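**Student:** Let me begin by handing over the structure; questions about it come next.
Numbering (UniProt numbering), first residue to last: 1 to 245.
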């Protein structure tokens with residue numbers, strides 16, 4: 001179903017404005033298929049969730065997805081895409097993971113974010129949540145060949161709307177720390193395409209082999225010269241990837 005709708009989900013601390021550059025560059029035909037969403041507590045979405053965990057988020061997304069769609073999640077949004085596809089396969093044509101993985105925390109031989117990094121962000125969040133988001137933005141651009149330009153663009157878009165709610169930020173960090181969807185990922189019955197940045201310091205591209213071990217049918221693309229935001233650093237290449245989902 002190459003003409004199926006495409007749902008784009010942002011990452012932690014972000015909002016749907018992050019996709020502005022992509023939307024501005026899509027063909028009219030592809031643009032008609034794309035919907036961008038603000039997760040509850042982000043951007044202009046003032047909705048609140050009772051628990052704000054990955055299961056409740058998947059239920060929230062179900063209220064938006066009205067027909068079988070490609071569910072594409074960036075970073076934290078990728079966890080939601082995996083969970084949604086596992087819970088609602090009849091509404092999922094395929095899953096797209098952008099700089100994302102079924103488990104973000106490093107553990108044993110699983111590659112990911114070091115526990116002390118996320119613990120530091122959790123502490124900082126209690127002191128100054130806006131500064132914490134800014135620090136996280138810098139890490140996302142770190143290593144990209146166009147780091148300064150990427151960071152400037154991300155900040156302009158992210159801070160053009162109301163700040164995210166502290167409850168949403170806290171819940172998101174908790175998910176990044178604790179959610180492990182490797183079992184759910186390995187059981188997915190829909191096509192999975194993952195796009196990783198070769199220079200990403202949050203989701204190491206070497207996790208590619210772990211993803212294939214979990215789901216041999218998954219298609220993994222590693223994009224050179226980009227870090228954690230490939231759709232900003234190499235927008236045209238990202239759009240080509242989006243077109244083949």
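Every residue gets a Cβ at the ideal spot worked out from N, C-alpha and C, and that includes glycine. Remember, it's a predicted structure, so these values are computed and weren't measured experimentally.
#1: Look up residue 116 in the DSSP assignment and say whether it is helix, strand or coil.
#2: For residue 36, I'd like the list of residues in its chain whose CB is within less than 6 Å of its CB, leaving aside the five on either flank, ordered along the chain.
#3: Return the residue from the list 188, 233 and 64 that minimises the CA-CA distance to residue 79.
#4: Residue range of the beta strand (DSSP E) that residue 193 falls in?
#5: What do you get for residue 59, buried or exposed, if any count of 16 or more other CB atoms within 10 angstroms of its CB means buried?
#6: With a threshold of 7 Å on Cβ separation, who are the neighbours of residue 169 within its own chain once the five nearest residues in sequence on each side are excluded?
#7: DSSP puts residue 25 in a beta bridge; with which residues?
#8: Residue 234 and residue 226: beta carbons closer than 8 Å?
#9: Could you tell me which of 141, 176, 135 and 164 sits nearest to residue 197, measuring between CA atoms?
#10: For residue 207, count the other beta carbons within 10 Å of its own beta carbon; 16 or more makes it buried, fewer makes it exposed. Which is it?
#11: Please state whether DSSP places residue 146 in a helix, a strand or coil.
#12: In angstroms with no decimal places, state the Cα-to-Cα distance between residue 57 and residue 95.
#13: For the 8 Å Cβ check, are there 3 or more pairs between the stretch 83-93 and the stretch 211-220?
#14: Quick check on the DSSP output: the beta strand (DSSP E) that includes residue 70 runs from which residue to which?
#15: Tell me which residue opens and which closes the beta strand (DSSP E) that residue 223 is part of.
#16: How would you call residue 2, buried or exposed, if buried means at least 16 neighbouring beta carbons within 10 angstroms?
#17: Have a look at 160, 200, 165 and 212 and flag the residue whose alpha-carbon is nearest the alpha-carbon of residue 182.
#18: Using a Cβ-Cβ cutoff of less than 7 Å, which residues in the same chain neighbour residue 133 once the five nearest sequence positions on both sides are dropped?
#19: According to DSSP, is residue 128 part of a helix, a strand, or is it coil?
#20: Does the stretch 104-121 come into contact with the stretch 159-177, if we say contact requires no fewer than three beta-carbon pairs (one atom in each stretch) closer than 8 Å?
#21: According to DSSP, residue 8 sits in a beta bridge with which residue or residues?
**Tutor:** On the basis of the data shown:
#1: helix
#2: 8, 16 and 19
#3: 188
#4: 192-197
#5: exposed
#6: 13, 125 and 129
#7: For residue 25, which the question treats as bridged, DSSP gives no partner whatsoever.
#8: yes
#9: 141
#10: buried
#11: coil
#12: 16 Å
#13: no
#14: 69-74
#15: 219-223
#16: exposed
#17: 212
#18: 13
#19: coil
#20: yes
#21: 36 and 72
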